[in-house]
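K.L.:
Chains as they are written, first to last, in our numbering: chain A, 11 to 221; chain B, 11 to 221.
We put the CB at the ideal spot given by N, CA and C, even for glycine.
Once you've had a glance at the structure underneath, I'll fire off some questions.
Here it is as C-alpha cells:
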C-alpha cells in the first residue's frame with residue numbers, strides 16, 4: 011500500500027518558518043535560509059525548469075523525495091491567499107507551472123472549484139477535514155505515496171492523528187530563535203531513524219513513525 | 011589549543027529535559043528517555059564501573075566524547091542541591107565516585123570550598139561568572155578540552171557568548187512536547203556539521219561553531 015510521507019526542512023531549534031510571517035512573507039524572517047541547501051542543487055533547478063546548480067548528495071535527496079509521490083496535501087497558508095473566502099483570481103504562490111506535477115489537496119474552510127495548472131498540477135480544495143483530504147489524495151495517488159507538503163499545522167494534524175507513516179527531516183544547521191515550530195502538540199509518536207544522509211550543508215534523517 | 015566543547019542528548023523537538031522538573035526529578039517527566047541510548051552501551055556501564063551493555067556504534071560515541079576532556083563546567087542545577095546557599099553535607103547527584111574523573115567547575119552564586127570526590131573528580135564552585143569558570147577550567151585541562159556538561163542554561167550562556175567551539179548533539183527520536191529547550195536565546199551562531207554518525211537509536215551530529 012502507498013505510504014503517507016512528509017519531507018520538510020527544519021532548523022536545529024525546530025522551526026520550519028521564521029518569525030513575523032505575513033501574507034507577503036509566508037516563510038518568515040530568515041526562513042528562506044532553511045531552503046538554501048535545496049536551491050543550490052541541480053535537481054531543484056531542473057524541477058523548476060532551469061539549469062545549473064550542483065550535483066551533490068543533497069541533489070540526490072531532492073530527486074529522491076519527489077520520485078514516488080502521487081499526490082500532495084497542503085494547508086491553505088501554504089497555497090496562499092489569506093484566511094477568508096476565495097478571491098477566485100488568486101492562483102496560489104506557485105506560479106502557472108507549480109513544482110508538484112500531481113493533484114494537490116488544499117485544506118481550507120472555504121469551498122472552491124478545482125484549479126488546473128500547467129505541468130500536471132491541479133489544486134483541489136477540501137473543506138471536510140484531514141481524513142477526507144487523505145482519502146481523496148490516496149485515490150488520486152494510486153500506488154504512489156501521498157506527501158504532506160506543509161506547513162507546520164498540516165504536518166502536526168496528520169502526525170498527531172497517527173496518519174503519517176514517514177517523516178523525512180532535513181535538519182539545517184541554523185538557529186532561527188523564533189517562528190513556526192514543527193513538532194508542537196503532536197503527542198508522543200514513536201519514531202525510528204531508518205536512513206541518515208550527511209552533507210556539509212544539512213543532515214537528512216528519515217524517520218519511520220511507528221504509532 | 012584546546013577546544014571548548016559540549017555534547018548533549020536532545021529530543022527531536024529540541025528539549026534536553028522533560029516538563030515538571032523538580033529537585034527530586036531534575037531531568038523532568040520522560041527526560042530519562044533522552045539517555046536510554048547511552049545507558050544501553052557497554053562504554054557507559056564501564057564508565058560507571060559495571061559490566062554488560064552492548065558494544066555498538068553508540069558505545070564508540072560514548073567512549074569518544076570523554077576521551078579528550080580535561081575539565082568540565084556545569085550549572086548548579088546539574089550539580090544539584092537547590093538555589094540557595096550550600097548545605098555543606100550535600101555532595102551532588104553523582105555519588106561518591108562521579109563519572110567525570112577530572113576537575114569540574116560549578117557555576118553558582120554561592121561560594122563553597124572545593125569538594126574532592128573519589129576517582130579524580132573535584133567539584134570547584136565558581137561565583138564570578140562564565141568567563142572566570144572557563145579560564146579556570148582551561149588552566150585545569152591543560153592541552154585537553156573543556157566540556158560544558160550542561161544543563162541547558164550553561165550551554166546557552168557559553169554558546170550565546172561565542173565561547174563554544176563545538177556542539178555535539180545526540181538527536182534522540184522522541185518528542186517530549188515540553189520541558190527545557192536547549193537552543194533558546196542563543197542568538198544566531200553559524201554552525202557547520204562536520205561529522206554525522208547514525209545508529210538505530212540516535213543520530214549523532216557534531217557541529218563546529220564558526221561564530
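1) If you draw a straight line from the alpha carbon of residue 177 of chain B to that of residue 137 of chain A, how long is it in whole angstroms?
2) Alpha carbon to alpha carbon, what distance is there between residue 186 of chain A and residue 101 of chain A?
3) Helix, strand or coil: how does DSSP classify residue 74 of chain B here?
4) Output the boundary residues of the alpha helix (DSSP H) element that contains residue 141 of chain B.
5) Under the criterion of a Cβ to heavy atom distance below 8 Å, does residue 151 of chain A qualify as lining the ligand FAD?
6) Report the CB separation of residue 199 of chain B from residue 169 of chain B in whole angstroms; it is logged as a contact under 8 Å.
7) Any chance you could list the alpha helix (DSSP H) runs of at least 4 consecutive residues sitting entirely within the stretch 165-219 of chain A, in chain order?
8) Quick one: what's residue 134 of chain B bridged to in DSSP?
9) Between which two residues does the alpha helix (DSSP H) harbouring residue 88 of chain A extend?
10) Between residue 206 of chain B and chain A, is there a C-beta pair that is closer than 9 Å?
11) Quick one: residues in its chain with C-beta nearer than 8 Å to the C-beta of residue 22 of chain B, no 5 flanking neighbours on either side, listed in chain order?
12) Tell me, please, whether the stretch 74-84 of chain B touches the stretch 110-129 of chain B by the rule of three or more beta-carbon pairs shorter than 8 Å.
13) Going along the chain, which residues of its own chain have a beta-carbon closer than 6 Å to the beta-carbon of residue 87 of chain A, five neighbours each way excluded?
14) Going by DSSP, what residue range makes up the beta strand (DSSP E) through residue 27 of chain A?
15) Short of 7 Å in beta carbon distance, which residues of its chain neighbour residue 45 of chain B, apart from the five on each side in sequence? Order them along the chain.
16) Sort out for me which residues DSSP pairs residue 17 of chain A with in a bridge.
P.N.:
Once the coordinates are examined:
1) Here residue 177 of chain B is taken as the residue at index 167 of the second chain, counted from 1. Here residue 137 of chain A is taken as the residue at index 127 of the first chain, counted from 1. Computed Cα separation, rounded: 45 Å.
2) Position 91 of the first chain, counted from the first residue, corresponds to residue 101 of chain A. Position 176 of the first chain, counted from the first residue, corresponds to residue 186 of chain A. Going from the Cα of residue 101 of chain A to the Cα of residue 186 of chain A covers about 30 Å.
3) Position 64 of the second chain, counted from the first residue, corresponds to residue 74 of chain B. Reduced to three states, the DSSP call for residue 74 of chain B is helix.
4) Here residue 141 of chain B refers to the residue found at position 131 of the second chain. Residues 140-151.
5) With respect to the ligand FAD, the structure shown offers nothing to examine, as it has no ligands at all.
6) In the second chain, residue 199 of chain B corresponds to position 189, counting from 1. In the second chain, residue 169 of chain B corresponds to position 159, counting from 1. Correct: roughly 6 Å between the Cβ atoms.
7) none
8) As a working mapping, residue 134 of chain B is identified with position 124 in the second chain. Answer by DSSP bridge pairing, in chain order: B/115.
9) For the purposes of this step, residue 88 of chain A is taken as the residue at position 78 of the first chain. Residue 88 of chain A -> alpha helix (DSSP H) spans 86-89.
10) Counted from its first residue, the second chain places residue 206 of chain B at position 196. Taking Cβ atoms only, chain A reaches closer than 9 Å to residue 206 of chain B, which makes this a yes.
11) Mapped onto the second chain, residue 22 of chain B falls at position 12. Excluding sequence neighbours, residue 22 of chain B sits near 181, 182, 183, 184 and 185.
12) yes
13) Taking the first chain and counting its residues from 1, one reaches residue 87 of chain A at position 77. The answer, listed in chain order, is 161.
14) Looking up residue 27 of chain A in the first chain gives position 17. Unbroken beta strand (DSSP E) run through residue 27 of chain A: 25-27.
15) The sequence position of residue 45 of chain B within the second chain is 35, counting from 1. Only 19 meet the Cβ criterion.
16) Counting from 1 along the first chain, the entry for residue 17 of chain A is found at position 7. Note: residue 17 of chain A sits in a beta bridge opposite A/178.
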